[in-house]
Structure formats: C-alpha cells, structure tokens
Amino acid sequence: MGLISSVKETKNSNSNGRGMGFLLVFFPDHNDVSASSSSPAKTLFRSRSSRLLLSKAQSTISICILLLFLTLFIFTLSTVEPSSVFPAVAPRSHRRFLLARTVSVAKTRPLALQRMGTLFLRGTKCMHDLVVAHVASDMTEEDLCLFMRLLHRSGVTSRSDVVLLFSSPSLATKFTNLIEKENDLFLKLVDVHRNSNFSNQNDSVLGFNLNRFMKKQTKKAVSEPIWGKKKHRVNASALNETTESPELTHGSVVGFDVAELDPENSLSGFIEHVPISLRRWACYPMLLGRVRRNFKHVMLVDAKASLFVGDPFTRIRNRSPESVLFFSKHSNKKASDINPAVLIGGAKGIRRLSSAMHTEIVRAAMQQQQHKRKSFVSESVVLSQLVGNVHMTKNIEVIGPSESIAGG
352 MGLISSVKET
362 KNSNSNGRGM
372 GFLLVFFPDH
382 NDVSASSSSP
392 AKTLFRSRSS
402 RLLLSKAQST
412 ISICILLLFL
422 TLFIFTLSTV
432 EPSSVFPAVA
442 PRSHRRFLLA
452 RTVSVAKTRP
462 LALQRMGTLF
472 LRGTKCMHDL
482 VVAHVASDMT
492 EEDLCLFMRL
502 LHRSGVTSRS
512 DVVLLFSSPS
522 LATKFTNLIE
532 KENDLFLKLV
542 DVHRNSNFSN
552 QNDSVLGFNL
562 NRFMKKQTKK
572 AVSEPIWGKK
582 KHRVNASALN
592 ETTESPELTH
602 GSVVGFDVAE
612 LDPENSLSGF
622 IEHVPISLRR
632 WACYPMLLGR
642 VRRNFKHVML
652 VDAKASLFVG
662 DPFTRIRNRS
672 PESVLFFSKH
682 SNKKASDINP
692 AVLIGGAKGI
702 RRLSSAMHTE
712 IVRAAMQQQQ
722 HKRKSFVSES
732 VVLSQLVGNV
742 HMTKNIEVIG
752 PSESIAGG
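Counting in the working numbering, the sequence shown runs from 352 upward without gaps.
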C-alpha cells in the first residue's frame with residue numbers, strides 16, 4: 352500500500368506573486384507486500400493460541416470438577432456406616448471356608464447367658480438352687496461321666512440348675528459330646544420309668560426316683576429358665592390352668608470357661624501359673640453377680656473330687672441367705688482345716704465368700720513375693736485362714752466345720 356502526499360501552492364493574500372509547487376509520489380515497496388501477507392499468519396497464530404488457552408482452561412475445570420466429585424465420594428464413604436454400604440457377604444464367605452466348624456457349633460449349641468457360655472440342656476422352669484462345679488484340666492472322661500450320671504440320678508437336677516466351669520475352652524469342647532450324651536441318657540431314663548409299671552418305685556441299683564421330677568403345678572407358677580433364648584409367653588387365659596397329670600420338671604445344664612468369666616486372668620499378676628482351683632474364685636463374683644436375683648442357694652463343688660448321692664441343699668434351705676456351710680478334711684487331725692471341694696450356702700453368703708476369698712488369695716501371693724518364697728498358694732490354707740478371721744467373715748454366717756468329708 353502506498354502513501355501519496357502533495358504540497359500545494361500557497362497563496363498569500365497580500366502578494367500577487369506566483370509560487371512553485373512540488374508533487375511527491377511514493378511507490379509501494381516490497382515490504383508492504385510481505386506485511387500484508389504476514390497479517391493472516393498472525394491472525395491464525397492468535398486463533399490457535401486462543402484455542403490452546405481455551406482447551407487448557409477446559410482441562411483445568413474438568414480436573415477441578417473431578418477432584419470435587421472424588422472428594423465428595425470419599426467423604427460419603429467415610430461418614431456412612433460400613434454395614435449399610437457393604438453388606439456382610441465377605442465375612443460370611445470367609446467364615447464358610449475358614450470357620451465352618453465354629454459356625455456349626457454356634458448353631459447347634461446355643462449360648463447360655465448374655466452371649467456367653469454354652470447351653471447343654473435347657474430346663475423346664477426357673478430353679479431356685481444352683482450347683483457350680485469346676486472341671487480341672489486333669490479330669491478324665493470317666494470321671495466326668497460318673498459325675499454327670501450321679502448328678503441326674505440323685506435328683507439334684509429336679510430342683511437345681513448346674514453350671515460347669517471349665518479350665519479352658521479346649522476342655523469345654525472336649526467334653527461337650529459327653530455332657531450331651533449323659534443328658535440324653537437322663538431323658539431316656541425318665542421316659543422308660545414313665546412308661547413302665549414301676550414309676551413309683553426307686554431304682555434298685557442307683558436309687559433313681561422319678562417322683563422327684565414329676566410335679567403338678569399351675570402355669571402361673573412356672574417361669575422360664577434364665578438360660579438360653581427366651582420363648583414366647585403363654586396366654587393370660589391359660590395362666591391359672593392346672594395340669595391334670597404331673598409334668599416333667601428338671602433344671603438346666605450350662606457350661607462356661609474361665610476365660611469368659613475372668614478374661615484378664617486377674618491372678619496372673621501375682622501367681623505365675625494360676626490353677627483352676629484358684630482362678631475359679633475370680634470367676635464366681637462375675638457369675639453369681641449376674642444371677643444374684645434368680646437363685647436362693649448356691650453350691651460350689653469340685654467335679655473330680657465329689658459325687659452326689661442325694662440332695663445336699665436340704666441342710667441349708669431353712670438357713671439365712673448369708674449362711675455358708677463348711678466341711679473339714681477327715682484325713683487331717685485339725686478340724687479347722689477346711690475342705691474347699693464342697694461349699695454350700697445362701698446365694699448372698701456364697702457371693703460374699705467368693706469376693707473375700709479372691710482378695711485373700713491376692714494377699715497370700717503378695718506375702719510370698721515379699722518374702723521371696725516360691726511355694727505354691729494352697730487353696731485349703733487360704734480358705735481356712737479366711738474362715739478363722741472374724742473380721743473378714745463378719746458379713747457371713749459361718750456354719751461348721753462340724754462334719755468331715757473326703758477331699759484333697
């Protein structure tokens with residue numbers, strides 16, 4: 352593109368002279384052509400730059416939106432409970448392959464009390480007497496079989512519930528089939544005597560009396576056992592009905608291991624190896640505390656060293672709830688040596704005795720540590736000292752020891 356400029360003639364109004372004018376003509380140079388040709392390139396470059404900036408802006412906005420949604424998703428997962436987001440399918444499949452035996456045991460053997468223990472036999476009603484028998488690790492199947500068989504046939508289970516306290520979970524698993532077998536044999540024995548003509552007579556060999564387990568009572572007086580899952584309640588119209596014929600009445604048989612009732616092993620800080628004879632005293636307060644409103648009388652017994660031939664609760668049924676009956680060892684000359692294998696009393700007295708005994712075991716262990724003695728803490732010695740201490744037993748009505756029974 353060229354530029355044309357001219358200088359015109361100027362006239363002076365005051366002079367009449369003639370002037371000379373110049374005409375300047377500028378021709379377009381080649382640079383103008385190149386400039387004109389480069390302008391589209393610049394426009395194209397600017398358009399490409401704007402498009403690049405626009406794409407970068409869109410990418411940045413997309414990334415920001417993606418991060419925002421990802422943050423919201425993570426926040427939602429962190430606030431919502433896992434059970435509502437992920438159903439428990441994986442744990443079930445995991446149990447199906449790895450813990451199939453445990454699941455099957457839980458289905459066939461219901462829990463005894465407050466998600467603890469094992470219910471071997473559910474009774475027909477709530478009983479007022481409780482037998483707590485501890486099972487040591489050295490007890491054989493023959494010993495436990497004899498204990499369970501005489502326990503049923505002596506008539507103790509006609510008015511009492513039975514709790515078996517095992518020294519370990521493996522021991523409870525080991526004796527489960529045996530306990531269930533003895534319970535089934537007991538029910539079969541009852542059916543045989545009910546269908547026979549000699550139901551009113553005692554068994555000539557083992558002294559089994561069916562009349563102890565057959566009672567007439569109104570449905571209003573029958574209450575459900577505390578063990579196991581509760582059943583449906585009866586209708587209000589049937590509460591005052593009385594059964595025409597006697598019905599079978601028996602107590603429950605349940606089992607716990609010491610790890611359930613004493614999970615921290617409270618005596619392990621004072622005694623290196625805690626036997627079941629001592630650890631059971633740490634389990635009694637928790638067990639008896641949970642059932643303190645359900646039982647009137649309690650019996651603590653060693654399953655290996657004791658056998659039942661009759662109802663032992665007849666000696667303390669007319670006593671106060673704080674009373675405890677002690678027995679002495681017949682092999683010792685001192686009558687003050689208490690036999691810890693058998694203790695009978697009111698529920699309140701046995702519960703107080705178990706708490707005091709737990710404290711005395713800790714005190715005896717600490718005294719041995721102070722004197723740097725390695726001797727074993729004797730249960731019989733600690734119990735004898737406790738009974739002889741008037742201050743420790745002021746809340747307990749001590750009865751005996753006036754009789755002697757066999758025991759170790």
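C-beta: ideal position from N, C-alpha, C; glycine also.
Around the Cβ of R631, a 10 Å sphere holds 16 or more other Cβ atoms; the residue is buried.
In the displayed model, I622 falls within coil according to three-state DSSP, outside both helix and strand. Counting along the chain, L676 sits inside the beta strand (DSSP E) bounded by residues S674 to L676. Residue environment analysis places L417 among the exposed positions, since fewer than 16 neighbouring C-beta atoms fall within 10 angstroms of its C-beta.
Between C634 and D613, the C-beta gap is smaller than 7 Å, which places the two residues in contact. In the DSSP assignment, T491 falls outside any beta strand (DSSP E) and carries neither an H nor an E. A distance below 7 Å between beta-carbons, with the five flanking residues on each side excluded, links N645 to the following residues of its chain, in chain order: C477 and I577.
With three or more CB-CB distances shorter than 8 Å, the segment 693-705 counts as touching the segment 666-681. Only exposed fits I425, as fewer than 16 other CB atoms lie within 10 angstroms of its CB.
Counting C-beta pairs closer than 8 Å gives three or more between the segment 703-711 and the segment 732-744, which meets the contact rule. Our two residues, G468 and K647, have alpha carbons roughly 22 Å apart in a direct line.
Around the Cβ of N690, a 10 Å sphere holds 16 or more other Cβ atoms; the residue is buried. V513 carries a strand assignment under DSSP once its states are collapsed to helix, strand and coil.
Sorting I622, L522 and S603 by C-alpha distance to the C-alpha of E492 places L522 at the top. In this structure, the alpha-carbon of R670 lies about 11 Å from that of G700. Counting along the chain, no alpha helix (DSSP H) covers M467, and no H or E run does either. Burial check for F727: the Cβ neighbour count within 10 Å stays below 16, so the residue is exposed. The three-state secondary structure of S706, taken from DSSP, is helix. Here A715 is not near V741, since their CB atoms are 7 Å or more apart. In its chain, beyond the 5 residues on either side, L529 and E533 have a beta carbon closer than 8 Å to the beta carbon of C496. DSSP links E598 through a beta bridge to K566. A Cβ-Cβ separation of about 4 Å places L515 in contact with G606 under the 8 Å criterion. Listed as beta-bridge partners of M650 by DSSP are V482 and I695.
In terms of Cβ geometry, S574 and L472 do not form a close pair [threshold 7 Å]. Cβ neighbours of N746 within its own chain (closer than 6 Å, five residues either side excluded): R703. A check of alpha carbon separations from F517 across D494, L536, A487 and L639 identifies A487 as the nearest. By the beta-carbon neighbour count (other beta carbons within 10 angstroms, threshold 16), L651 is buried. Cβ neighbours of M565 within its own chain (closer than 6 Å, five residues either side excluded): P597. Just measuring C-alpha positions, the residue of A692, D688 and S628 sitting nearest S657 is A692. DSSP lists no bridge partner for V728. CA-to-CA, the gap between T524 and H485 works out to about 15 Å. The three-state secondary structure of G506, taken from DSSP, is coil. In chain order, V482 and V604 place their CB closer than 6 Å to the CB of V513, counting only its own chain and leaving out the 5 sequence neighbours on each side. Taking the CA atoms as reference points, G620 sits about 10 Å from M717.
Residue pairing for I416: DSSP places it in no beta bridge.
Out of H709, R666, L599 and E611, the CA that lies nearest to the CA of L462 is found in E611.
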